[in-house]
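A quick write-up on the structure given underneath.
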Amino acid sequence: AQSVAQPEDQVNVAEGNPLTVKCTYSVSGNPYLFWYVQYPNRGLQFLLKYITGDNLVKGSYGFEAEFNKSQTSFHLKKPSALVSDSALYFCAVRDPNAGNNRKLIWGLGTSLAVNP
Amino acid sequence: SQTIHQWPATLVQPVGSPLSLECTVEGTSNPNLYWYRQAAGRGLQLLFYSVGIGQISSEVPQNLSASRPQDRQFILSSKKLLLSDSGFYLCAWKTGGGTEAFFGQGTRLTVV
Numbered sequence: 002a003q004s005v006a007q008p009e010d011q012v013n014v015a016e017g018n019p020l021t022v023k024c025t026y027s028v029s030g031n032p033y034l035f036w037y038v039q040y041p042n043r044g045l046q047f048l049l050k051y052i053t054g055d056n057l058v059k060g061s062y063g064f065e066a067e068f069n070k071s072q073t074s075f076h077l078k079k080p081s082a083l084v085s086d087s088a089l090y091f092c093a094v095r096d097p098n099a100g101n102n103r104k105l106i107w108g109l110g111t112s113l114a115v116n117p
Numbered sequence: 015s016q017t018i019h020q021w022p023a024t025l026v027q028p029v030g031s032p033l034s035l036e037c038t039v040e041g042t043s044n045p046n047l048y049w050y051r052q053a054a055g056r057g058l059q060l061l062f063y064s065v066g067i068g069q070i071s072s073e074v075p076q077n078l079s080a081s082r083p084q085d086r087q088f089i090l091s092s093k094k095l096l097l098s099d100s101g102f103y104l105c106a107w108k109t110g111g112g113t114e115a116f117f118g119q120g121t122r123l124t125v126v
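Right, dumping it as structure tokens:
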């Protein structure tokens, strides 16, 4: 079955330190992978995606993510965290071969807290 | 540019009352449209999606229904709300051939 796992409910990091939010997936074939961020009581904002090509993708607000096919992972990273990065982060995957449906499969989210 | 509007932002409704949440998209044609519910500020549950006018797919049997009366309008409804319908409802869209989806600002529904 297709699934997305975000193994950490919460990640705490000090401002200025690098951050990593983990995501692993289980999808057959070559998946499309996404990261979204959600601030309190707001909708989700698209951060970045991997479709094909370079395994390291860069997105909004200085975030990047690395696609690792052998480990079926798509971890979100940022070299230097800001307090304003504190939010809820969602990983999602789509199986491009799933026909007209092609729904996004969502992780349960990871709450990132950046401490000043 | 494309924009998505979702309203109201917050809503408090008594048990047994009807519900109508509206979502509209501007700047694009024939988008795929989605209704999600987010419970307890965490995981997203896909409720309905639509690939065209009048075409609604339901993901989870429940007390809610959806309609798409116009190309860029997606409505979430209920005839009689339950306490368990409380949550944060998100509308989203993407182009038919696109990859990422874009979300509205959400509606916080509290059923009392």
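Going down the list, the sequences are from chains A and B.
Residues 2 to 117 in the numbering used here are what the first sequence lists, from first letter to last.
Residues 15 to 126 in the numbering used here are what the second sequence lists, from first letter to last.
Every residue gets a Cβ at the ideal spot worked out from N, C-alpha and C, and that includes glycine.
DSSP has residue i in a bridge; who is on the other side?
i: B/Tyr63; result: B/Tyr48 and B/Ser71
i: B/Phe116; result: B/Trp107
i: B/Gly101; result: B/Leu123
i: B/Glu36; result: B/Trp21 and B/Ile89
i: A/Leu34; result: A/Tyr51 and A/Val94
i: A/Lys79; result: A/Leu20
i: A/Tyr26; result: A/Val5
i: B/Val29; result: B/Val29 pairs with nothing; no bridge assigned.
i: A/Val115; result: A/Val14
i: A/Gln1; result: No answer is possible for residue 1 of chain A: the residues shown for chain A start at 2 and end at 117.
i: A/Gln39; result: A/Leu45 and A/Leu89
i: B/Leu58; result: B/Gln52
Residue i and residue j: beta carbons closer than 7 Å?
i: B/Ser91; j: B/Ser31; result: no
i: A/Asn24; j: A/Gln7; result: Note that residue 24 of chain A is Cys in the sequence shown here, rather than Asn. In contact: A/Cys24 and A/Gln7 (Cβ atoms closer than 7 Å).
i: B/Ile89; j: B/Glu40; result: no
i: B/Thr38; j: B/Gln69; result: no
i: B/Val74; j: B/Leu97; result: no
i: A/Val58; j: A/Leu48; result: no
i: A/Asp86; j: A/Val28; result: no
i: A/Ala82; j: A/Asn13; result: no
i: A/Ile106; j: A/Val5; result: yes
i: B/Leu104; j: B/Gly120; result: yes
i: B/Phe102; j: B/Gln52; result: yes
i: B/Asn77; j: B/Val65; result: no
i: A/Lys78; j: A/Gly63; result: no
Can you round the beta-carbon distance between residue i and residue j to whole angstroms, since I take them to be within the 8 Å contact cut?
i: A/Ala88; j: A/His76; result: Actually they do not touch by this definition, with Cβ atoms about 17 Å apart.
i: A/Phe35; j: B/Glu114; result: 6 Å
i: B/Thr109; j: B/Thr42; result: 6 Å
i: B/Phe117; j: A/Leu45; result: 4 Å
i: A/Leu109; j: B/Arg56; result: 6 Å
Could you give the residue range of the beta strand (DSSP E) that holds residue i?
i: B/Gln20; result: Thr17 to Trp21
i: A/Val5; result: Ser4 to Ala6
i: A/Glu16; result: Neither: A/Glu16 is in no beta strand (DSSP E) and is coded neither H nor E.
i: A/Ala66; result: Glu65 to Asn69
i: A/Asn56; result: Unbroken run through A/Asn56: none, as it is neither H nor E.
i: B/Gln84; result: Ser79 to Gln84
i: A/Leu105; result: Leu105 to Trp107
Q) In the stretch 19-35 of chain A, which residues sit with their C-beta less than 7 Å from some C-beta in chain B, listed in chain order? A) Tyr33 and Phe35
Q: Using a Cβ-Cβ cut-off of less than 9 Å, list which residues of the stretch 70-92 of chain A approach chain B; keep chain order.
A: Leu89 and Phe91
Q | Members of the stretch 31-48 of chain B near chain A, C-beta cut-off 7 Å | A | none
Q. For the stretch 63-90 of chain B, which residues have a CB atom closer than 9 Å to at least one CB atom of chain A, in sequence order?
A. Tyr63, Val65, Ser71 and Glu73
Q.
Output needed in chain order: residues of the stretch 107-122 of chain B with a Cβ under 8 Å from some Cβ in chain A.
A. Thr113, Glu114, Ala115, Phe116, Phe117, Gly118, Gln119, Gly120 and Arg122
Q. In the stretch 47-71 of chain A, which residues sit with their C-beta less than 7 Å from some C-beta in chain B, listed in chain order?
A. Phe47, Lys50 and Ile52
Q. If contact means a Cβ-Cβ distance below 7 Å, which residues of the stretch 94-105 of chain B contact chain A?
A. Leu104
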